[in-house]
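Enquirer: Numbering (the working numbering), first residue to last: 83 to 234. C-beta atoms are modelled at their ideal positions from N, C-alpha and C, and glycine is treated no differently.
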């Protein structure tokens, strides 16, 4: 028993990876196509490839993920295009917020300034307006700092 036939007997294929199919041999040249006899094609004749078969997860990845991404893109674009907020069409439509300038004194906070300037309004709303109007990152102010305060 040769090493090639022992391999074929053990693993079901010959030294070239063929599974003992008719018409495949171990050599080159002309032959009858019987196992152990040389054949004309060697490995040139390969079995037809089976069609691609996707599992359930594969179909989801192949079809479902692109559909989900497309739906997210469509929803994003529709939200962007249908957004109700937009800039004014002309400068005449813009409304200016009337403001007064206040200089921060030592010991003052935004809360105290808001309560003094607009006692009829909720101080939280006035502090939020001051922060937004002056483009502050936090509610901290330093003495001598000039702030724009909404006057209405």
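Exposed or buried, which one is residue 194 when buried takes at least 16 other CB atoms within 10 Å?
Expert: Working through the chain shown from its first residue, we reach residue 194 at position 112. It is exposed - the Cβ of residue 194 has fewer than 16 other Cβ atoms within 10 Å.
Enquirer: Name the residue from 216, 141, 172 and 184 whose alpha carbon lies nearest to the alpha carbon of residue 226.
Expert: Your numbering for residue 226 matches position 144 in the chain shown. Comparing Cα positions, the closest option is 184.
Enquirer: Using three-state DSSP, classify residue 155 as helix, strand or coil.
Expert: For the purposes of this step, residue 155 is identified with residue 73 of the chain shown, where counting begins at 1. Looking at residue 155 - three-state DSSP - the assignment turns out to be helix.
Enquirer: Can you give me the C-alpha to C-alpha distance between residue 217 and residue 154, rounded to a whole angstrom?
Expert: Here residue 217 is taken as the residue at index 135 of the chain shown, counted from 1. Here residue 154 is taken as the residue at index 72 of the chain shown, counted from 1. Their Cα atoms are separated by approximately 33 Å.
Enquirer: Do you know how far the Cα of residue 220 is from the Cα of residue 229?
Expert: Here residue 229 corresponds to residue number 147 of the chain shown, with the count starting at 1. Here residue 220 corresponds to residue number 138 of the chain shown, with the count starting at 1. Going from the Cα of residue 229 to the Cα of residue 220 covers about 13 Å.
Enquirer: Count the other CB atoms, across all protein chains shown, that sit within 10 Å of the CB of residue 159; report buried if there are 16 or more and exposed otherwise.
Expert: Counting from one through the chain shown, the residue named residue 159 turns up at place 77. With fewer than 16 Cβ atoms within 10 Å of its Cβ, residue 159 is classed as exposed.
Enquirer: Quick one: grab the DSSP three-state call for residue 126.
Expert: Within the chain shown, numbered from 1, the residue matching residue 126 stands at position 44. Because the pLDDT of residue 126 is 49, which lies under 50, any placement of that residue in the model is unreliable, and the question is left without a value.
Enquirer: In chain order, which continuous runs of the alpha helix (DSSP H) of length 4 or greater are located wholly inside the segment 129-207?
Expert: 138-141, 147-163 and 192-199
Enquirer: On the three-state DSSP scale, how would you describe residue 229?
Expert: Here residue 229 corresponds to residue number 147 of the chain shown, with the count starting at 1. Three-state result, residue 229: strand.
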